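Note sheet for the following structure.
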Amino acid sequence: MRHAQLTSLDLPDFGSPTTEPELGRDIYAARLKQLLARMAGHGLDALVIYGDREHVANISWATGHDPRFEEAICIVVPGRTPTLLAGNEGYPYAEIASGSFERVLWQPLSLMGQPRDKYRDLASVLREAGMKKDMHIGLAGWKGFETEEGVFDPHWFETPHYLVETLKGFGTVTNAALLFMHATDGLRVINEIEQLARFEYAATLTSNAIRRMILGARPGMSEYDACRNMAFDGFPQSVHVNMSSGPRAKYGLPSPSMRVIERGDPIVIGVGLMGALNCRAGFMVAEANELPANIRNYVDKLVAPYFDAAVAWYETIGIGVEGGTLYEAVMSRLGDPFFGIGLNPGHLIHLDEWVHSPVKKNSKQKLASGMALQCDIIPATGTPYFMSNIEDGVALADAPTRAAFKVKYPEAWKRIENRRAFMAEKLGITLKPEVLPFSNIPSWLPPFWLAPHRVMTMR
7 MRHAQLTSLD LPDFGSPTTE PELGRDIYAA RLKQLLARMA GHGLDALVIY
57 GDREHVANIS WATGHDPRFE EAICIVVPGR TPTLLAGNEG YPYAEIASGS
107 FERVLWQPLS LMGQPRDKYR DLASVLREAG MKKDMHIGLA GWKGFETEEG
157 VFDPHWFETP HYLVETLKGF GTVTNAALLF MHATDGLRVI NEIEQLARFE
207 YAATLTSNAI RRMILGARPG MSEYDACRNM AFDGFPQSVH VNMSSGPRAK
257 YGLPSPSMRV IERGDPIVIG VGLMGALNCR AGFMVAEANE LPANIRNYVD
307 KLVAPYFDAA VAWYETIGIG VEGGTLYEAV MSRLGDPFFG IGLNPGHLIH
357 LDEWVHSPVK KNSKQKLASG MALQCDIIPA TGTPYFMSNI EDGVALADAP
407 TRAAFKVKYP EAWKRIENRR AFMAEKLGIT LKPEVLPFSN IPSWLPPFWL
457 APHRVMTMR
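First residue of the sequence shown? That's 7 in my numbering, and the numbers climb one at a time after it.
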């Protein structure tokens, strides 16, 4: 029987991308056709997509435009070119987007105090975009509202009140977020190979950053000093950098500060760029005897069973696997209240860090080719044992998808193959053929950050 254990092991350098995958106009043209077909299937005469800096993924999927300082609104009506409403700063910026749409300046989307000299009321702008009376209108913001059982309420809206009320003047309005975000067939859930390649690119950047941070972190550094080692290059972020040590580390989400890292500190780092997120957690020590006496069994009590559950996750996930099966693979090992697993042990990722999750108790929702998912299992013990974390991303790709990916993105494919070999040969994790690891620190878990060559393996 295999057991999780600490092993001396060097992490290979899987390399950095020399080319950046791009999403061209052909991708967005195909997406518009998909979107129109999905609208027809749901009986929608029009679709309105709202986006802002924090909630960019749906509108960006459809248009290639990612709002920065302002909000943006896209109106899609069959038989017409989509219309994109943008403010004073978003209007010129939208010109570089690869999607097909007509730009319209609507100044109320601009920041306060900026010119409104070209103001027009929203209803007239919507009419020019093709909106008519008695339409069935879908409104997609950034999420829907579901019960614990997954029942969706189409009449809850998280988009601005002014937009909802104006649209109601044209007909019935329902929340259409699930067109993009449904856990099994959302338009942003099943990805093109070009999008998957871009996710792999982002994941290489995030995981390399975490590797540099952990290998360079030392007692006596401030948290800011440790984070400078990540050496970001400016690729768009999906979340703030989550890095903290000492008393704040248990919360997971704080940003770094001037606090000086001390030997013995619990410490956590999470980095997210659009399409990828990686996280690690441990203690700033070299060995267990540096920990307080009451938690010197940290590896045996927490890290080893946690790693065992993560290995089960990786060896279970695959095309056609039900979300409930993946959930049970983890929770059969970490179900004890001590581990404090409060969130889904895995979820879908896109430009936003969390799209949806089919990984729930008793879920019959099946995983499919084209999905990008996170191994995101969080043992928030709420005890001096702190936590462990091994969050990385994978994609699921059937044989034709893998073949196409290999031909179009040979450099990324080589990284994927090398990661799979490392996980199998060095860590003892056997992946199904369709599971493509995107992280350059694939399942690399050093519990003691001053001894990063001592990592968890399955033997």
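Cβ coordinates follow ideal geometry from the N, Cα and C atoms, glycine included. Keep in mind it's a predicted model, so treat the numbers as computed, not measured.
Beta-carbon gap between residue i and residue j smaller than 8 Å
i, j, result
"R460", "P452", "yes"
"L185", "G192", "yes"
"F205", "G281", "yes"
"M429", "P458", "no"
"H356", "A374", "no"
"S244", "E359", "yes"
"Y383", "P351", "In the sequence as presented, Tyr is not what sits at residue 383; that position holds Ile. Taking 8 Å as the Cβ cut-off, I383 and P351 qualify as a contacting pair."
"T89", "I81", "yes"
"P495", "L283", "Here the chain comprises residues numbered 7 to 465, so residue 495 is not present and cannot be evaluated."
"S369", "E328", "yes"
"L117", "W450", "no"
DSSP state of residue i mapped onto helix, strand, coil
i, result
"T172", "helix"
"P73", "coil"
"N181", "strand"
"K372", "strand"
"Y415", "coil"
"N295", "helix"
"L29", "coil"
"A282", "strand"
"G252", "helix"
"S449", "coil"
"A404", "Residue identity check: residue 404 is Asp in the sequence provided, not Ala. The answer is coil: DSSP assigns D404 none of H, G, I, E or B."
"F186", "helix"
Residue i to residue j span [Cα, whole Å]
i, j, result
"D231", "E268", "13 Å"
"E417", "Y97", "36 Å"
"E200", "G85", "27 Å"
"C233", "M219", "6 Å"
"I435", "V317", "6 Å"
"A182", "D239", "35 Å"
"M173", "V179", "Checking the sequence, you will find Leu at residue 173 rather than Met. Their Cα atoms are separated by approximately 7 Å."
"D404", "I347", "31 Å"
"G150", "R194", "14 Å"
"I422", "D398", "13 Å"
"E293", "S250", "20 Å"
"A310", "P27", "37 Å"
"A129", "M187", "28 Å"
"V157", "G222", "47 Å"
"T473", "G341", "Residue 473 lies beyond the range of the chain shown here (7 to 465); nothing can be said about it."
8 Å contact criterion, which residue i and residue j should meet: CB distance rounded
i, j, result
"Q380", "H353", "6 Å"
"V291", "I216", "Wrong, their Cβ atoms sit about 19 Å apart, outside the cutoff."
"R265", "S228", "6 Å"
"W455", "F289", "7 Å"
"F444", "A401", "6 Å"
key: contact_flag[the region 357-367, the region 317-335] where n(CB pairs < 8 Å) is 3 or more   = Segments in contact, yes.
key: the region 409-419 touching the region 288-298, judged by at least three CB pairs closer than 8 Å   = Too few Cβ pairs lie closer than 8 Å, so no.
query = How about the region 64-73 and the region 163-175: do they share at least three Cβ pairs that are nearer than 8 Å?
reply = The answer is no - the region 163-175 does not touch the region 64-73, with fewer than three Cβ pairs under 8 Å.
Segment contact, 8 Å Cβ cut-off, at least three pairs: the region 50-59 with the region 143-152 = Segments in contact, yes.
query = Does the pairing of the region 390-400 with the region 271-289 give three or more beta-carbon distances under 8 Å?
reply = Yes, the region 390-400 touches the region 271-289.
query = Is the region 26-36 touching the region 104-120, taking contact as three or more C-beta pairs under 8 Å?
reply = The region 26-36 vs the region 104-120: in contact.
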